[in-house]
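In the numbering used here, the protein residues as written are 113 to 320. Glycine included, each C-beta is placed from N, C-alpha and C at the ideal position.
Given below as structure tokens:
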């Protein structure tokens, strides 16, 4: 299965989340930037409020595609199997760099965080590969006291999807290709999402 674009993926994902439609104690949090177009459709179809959950991958210097961890809302999660091979000063430099980017995005999007305490939170991204960023997002989110966390993505490898069933309350994944190459391979259009698009999508629906 390939999705036309992120909006198409959001529609298919919403179809598997219909049991949450219109519930007053449910909110949707999008992982920017790629998760925002997916989450906008999910939130609109399910008549739910949407906000962002800001998270950044911590890439290994010189091999940035390899995650040594992630940072979300100030909470840092390190994958020590990878991070143990990186000098401590380099880890600290990357953390500072990504923290600055999170702060820049927070300011750029002009958002006030949605209240999630005692609510069911559906965390949406455009897909998972290793899941490092999403693990950081979930860990940061737990500190805010939600009653239930649902990870919802259009595509992920089976092993990553299965791993999340052990750390969150529910995992919803539309397709688990085998073999799994990359998230973008599940999309015909996987264009980069800009900060301006994120702002427009946030403004397109109710932010409660």
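Check for me: the alpha helix (DSSP H) holding residue 149 runs from which residue to which? The sequence position of residue 149 within the chain shown is 37, counting from 1. Where residue 149 is concerned, the enclosing alpha helix (DSSP H) stretches over 147-158.
Does the distance from the C-beta atom of residue 231 to that of residue 266 stay below 7 Å? Looking up residue 231 in the chain shown gives position 119. Looking up residue 266 in the chain shown gives position 154. For residue 231 and residue 266, no; Cβs fall outside 7 Å.
If you compare alpha carbons, which of 184, 115, 131, 272 is closest to residue 214? Residue 214 sits at position 102 when you count from the first residue of the chain shown. Here the closest residue by C-alpha is 184.
Run through DSSP, which three-state label would residue 320 get? Translated into the one-based positions of the chain shown, residue 320 becomes position 208. Only weak support exists for where residue 320 lies, its pLDDT of 40 falling under 50; the coordinates are left without a value.
Where the alpha helix (DSSP H) containing residue 122 begins and where it ends: Indexing the chain shown from 1 puts residue 122 at position 10. Unbroken alpha helix (DSSP H) run through residue 122: 118-127.
Considering residue 216, what are the terminal residues of the alpha helix (DSSP H) in which it resides? Position 104 of the chain shown, counted from the first residue, corresponds to residue 216. 200-221 is the span of the alpha helix (DSSP H), which, as asked, contains residue 216.
Work out the CA separation of residue 292 and residue 271 for me, nearest whole Å. For the purposes of this step, residue 271 is taken as residue 159 along the chain shown, with counting starting at 1. For the purposes of this step, residue 292 is taken as residue 180 along the chain shown, with counting starting at 1. Each residue's alpha carbon lies about 10 Å from the other.
Which residues in the same chain as residue 129 place their Cβ atom closer than 7 Å to its Cβ, once the five residues preceding and following it in sequence are excluded? Taking the chain shown and counting its residues from 1, the one referred to as residue 129 is at position 17. Closer than 7 Å at the Cβ level, and outside the excluded window around residue 129, lie 154, 158, 234, 264, 284.
Hey, out of 239, 268, 228, 240, whose CA is closest to residue 260's CA? On the chain shown, position 148 is the one that residue 260 refers to. Considering only alpha carbons, the answer is 228.
Taking the Cβ atom as the reference point for each residue, do residue 191 and residue 181 lie within a distance shorter than 7 Å? Locating residue 191 in the chain shown gives position 79, where the first residue counts as 1. Locating residue 181 in the chain shown gives position 69, where the first residue counts as 1. For the 7 Å CB-CB criterion, residue 191 and residue 181 form a contact.
Which value, in whole angstroms, describes the spacing of the CA atoms of residue 242 and residue 216? Residue 242 sits at position 130 when you count from the first residue of the chain shown. Residue 216 sits at position 104 when you count from the first residue of the chain shown. Looking at the two C-alpha atoms, the distance is approximately 25 Å.
For residue 296 and residue 244, I'd like the C-alpha separation in whole angstroms. Translated into positions along the chain shown, residue 296 becomes position 184. Translated into positions along the chain shown, residue 244 becomes position 132. Computed Cα separation, rounded: 17 Å.
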